[in-house]
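Shown next, in structure tokens, is the structure this report addresses.
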Amino acid sequence: MKRVRLTMAQALLRFLDNQYVSIDGVEHKFVTGIMGIFGHGNVLGIGEALERDPGNLTFIQGKNEQGMAHAAIAYAKQNNRLKIYACTSSIGPGALNMVTAAAVATVNRIPALFLPGDIFACRQPDPVLQQIEHPMDYTVSANDAFRPVSKYWDRITRPEQLMAAAMNAMRVLTDPAETGAVTLCLPQDVQTESYDYPEEFFAKRVHRIERRLPTREALAEAAELIASRRKPLIIAGGGVHYSLATKELAAFAEAFNIPVGETQAGKSALTWDHPLNMGAVGVTGSLAANRLAKEADLIIAVGTRLADFPTMSKTAFQNPEAAFLNINVNSLDAMKLNGQLLVADAREALTALAEALKQKGYKSGHDPQALAALKAEWNAEVDRLYGWEHEQGLTQTRAIGVINETIEDDAVIVNASGGLPGDLHRLWRCRREKTYHMEYGFSCMGYEVPGAFGVKLAGPDRPVYALVGDGGFLMLHSELVTSIQEGQKIIVVLFDNHGYQCIYGLQTSHGSDGFGNEFRLRSAETGRLTGDYMNFDFCAVARGLGAKAYRAETADELREALSKAKEETVSTLIEVKVLPQTGTAGYESWWRVDVPEVSVSDKVRAARGEMERHLQAARLL
């Protein structure tokens, strides 16, 4: 057996550079490169390896560890999980900055490889800078924080352990059912230690993404269930995109006249004007989809984990005869809401189900004219909100309408948090597939700007827009600098509404007078944050970082700013002044946020009673 002497860090990079995935006979190089910030835990291990022998791996310099990791996650998500950037950091704070992003990856079922430096395995210089020194377990380091948010976690304390760890990492990263964050902790001394690795460890490996087929029995039972129902509703999740099943979804819906509701991750699987696309479903859903969900006698969930938002905290489905058919590659997701499981790849399941239902001569009982009328009613409501004028200034829905009508058909919008996800889910009209990129599994504030950079890396020829609130921008915008450094232009549209207005609205709708969520100065009279609104110059911030910047306070100014931003050659920020609390709400939706059982406030007590009334309608399984 031929061997080659390499440090553990050098061997790791060489291994990653030779990993490929294959789906439907098409190969993709899996690891595009490494995003990193160097410190004493990785600069002379992975850092030296990247400097001297990176192979075909591209290095991108991050500006904040969480930010660069969000960019890597967005890159993988936009590439339908077929390509990744790994992320490396130093020991301690650098590593811990990535923990939030690791949770984002795991919750959203996105492959992400984390390579944090770690304390000395030899323990000789202990305690070193940034070492925890846990008194009950001296092996614990900051990296143990990755354990609960990783799908696979390992610490490599000897260079030869790399081989088993790396193979396990790839096993998880390339498994559609189990993918998420993978963390390999790399003690800084072990990174630099050498070992005679077998050359076969570095051979090209092609990890085939197997399309799991439905079993004959499960398929027959699923077809029988559908055939017994007259008013089914499809809920399309992110799995439709990841299984490359958008065409099959459309064909299935059309063949059997079944309307489709979209989750945040599933949005853009069908274009907005498809006759059977009833729009968003759930807490942030459209009136059309939510009414159909309420009446449906069968929910066909395709590639979704059926979290509380699409299910309205289990209150969306009011038909006492409602059943659930859950199509998912992951049995954990398929078993939600006590549903009938069809554990299979979405494309394969839809194709096989279509054939079985055609043999049965099935057609839903939905009246096509009634569906068209419901869709038309909702479209008219979107048009109304897009045109909503307010004497005091620009409304949020008007701004969204202007953006939707002005940007390119193939442009990708990126969002994650605040009030925008609800409005975008309801109102945004996707004209092309894969143009809506929402991180709403973890809804992580600060994902938007780095996420847009990652999406741009995934498709450099497509325009990319980060839509972000002022709170989200203040949370994390450092990778705007990286986008300029890399020559990857993004356009950041910043909605300035003076604070965390989404949570402010949540407060006030449940009996609160509003506390701690607006960006106000501290009042000398009250001692609380109830003074005047703070004034920020976000354009100045952007220009200071090297970006171009424009400000808009009216619909016409926003339209003009978007036009100018298109012509710029570098990343550009548009600061949009929007009126607080001018987004969307309602549409027969509800979300469980528990209200205090005891309060001196009549409003809070009333909100508690309303919550308890809704809970009476919630499913228990």
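Residue numbering for the sequence shown follows my numbering, starting at 2 and increasing by one per position. Backbone N, C-alpha and C fix where the C-beta goes; we use that ideal spot for every residue, glycine too.
In the DSSP assignment, Ser332 falls outside any beta strand (DSSP E) and within the unbroken alpha helix (DSSP H) covering 332-335. Residue environment analysis places Pro369 among the exposed positions, since fewer than 16 neighbouring C-beta atoms fall within 10 angstroms of its C-beta. Between the alpha carbons of Val330 and Leu421 lies a distance of about 30 angstroms. For the pair Ala96 and Ala70, the CB atoms are not nearer than the 7 angstroms cut-off. Closest in C-alpha terms to Leu475, from the list Gly455, Met164, His499, comes His499. In the same chain as Cys431, and ignoring 5 residues on each side of it, the C-beta atoms closer than 7 angstroms to its own belong to Lys268, Ser269, Thr272, Trp273, Tyr437, in chain order. Cβ contact annotation for Cys540 (same chain, cutoff 6 angstroms, sequence separation greater than five): Ala550, Arg552, Glu576, in chain order. His478 sits buried, since 16 or more C-beta atoms from the chains shown fall within 10 Å of its C-beta.
As the crow flies, the alpha-carbon of Ala182 is around 15 angstroms from that of Phe31. In the displayed model, Pro94 falls within a helix according to three-state DSSP. Taken in chain order, the unbroken stretches of alpha helix (DSSP H) that lie wholly in the region 369-439 and span 4 residues or more are 369-387, 397-407, 421-428. Contact between the region 177-195 and the region 155-162 is established, with three or more Cβ pairs separated by less than 8 angstroms. In terms of CA proximity to Glu487, Thr570 leads the group Gly528, Ser510, Phe443, Thr570. Between Pro260 and Leu358, the gap from beta carbon to beta carbon reaches 7 angstroms or more.
Under the three-state reduction of DSSP output, Ser444 falls in the coil class, being neither helix nor strand. Non-local beta-carbon contacts of Gly460 in its own chain, meaning distances under 8 angstroms to residues more than five positions away in sequence, involve Gln79, Val413 in chain order. Sequence-distant partners of Leu51 (beyond 5 residues in either direction) whose C-beta falls short of 8 angstroms from its own C-beta, in its chain, are Leu14, Ile35, Gly37, Leu58, Phe60. DSSP places Cys540 inside the alpha helix (DSSP H), whose first and last residues are 539-545.
Across the structure, Phe318 and Glu406 are spaced so that their CA atoms are roughly 33 angstroms apart. Each residue's CA atom was taken as its position, placing Gly340 and Arg110 some 20 angstroms apart. Between the alpha carbons of Ala165 and Leu174 lies a gap of roughly 14 angstroms. Under the three-state reduction of DSSP, Pro461 is assigned to coil, being neither helix nor strand. For Ala543, the CB contacts under 6 angstroms within the same chain, skipping 5 residues up- and downstream, are Ala550, Leu574 in chain order. Under the three-state reduction of DSSP, Ser484 is assigned to helix.
Runs of the beta strand (DSSP E) spanning 3 or more residues and lying entirely within the region 203-236 occur at 206-209, in chain order.
Counting along the chain, Phe16 sits inside the alpha helix (DSSP H) bounded by residues 9-17. With fewer than 16 other Cβ atoms inside 10 Å of its own Cβ, Pro128 counts as exposed.
Selection Gly473, Ala167, Leu481, Met313 evaluated against Val465 yields Leu481 as nearest (Cα-Cα). For Pro311, the enclosing alpha helix (DSSP H) covers residues 309-312. For the 7 angstroms CB-CB criterion, Asp497 and Asp533 do not form a contact.
In the three-state reduction of the DSSP assignment, Gln582 falls in the coil class, being assigned neither a helical nor a strand state. Note on geometry: alpha-carbon atoms of Thr107 and Gln393 lie some 43 angstroms from one another. Minimum Cα-Cα distance from Lys567 among the listed residues Ile491, Leu546, Gln131 corresponds to Ile491. Under DSSP, the beta-bridge partners assigned to Leu343 are Ile328.
Counting only runs of 4+ residues, the alpha helix (DSSP H) found wholly inside the region 274-301 occupies 288-296, in chain order.
Below 8 angstroms, enough C-beta pairs join the region 284-301 and the region 224-239 to call them touching: three or more.
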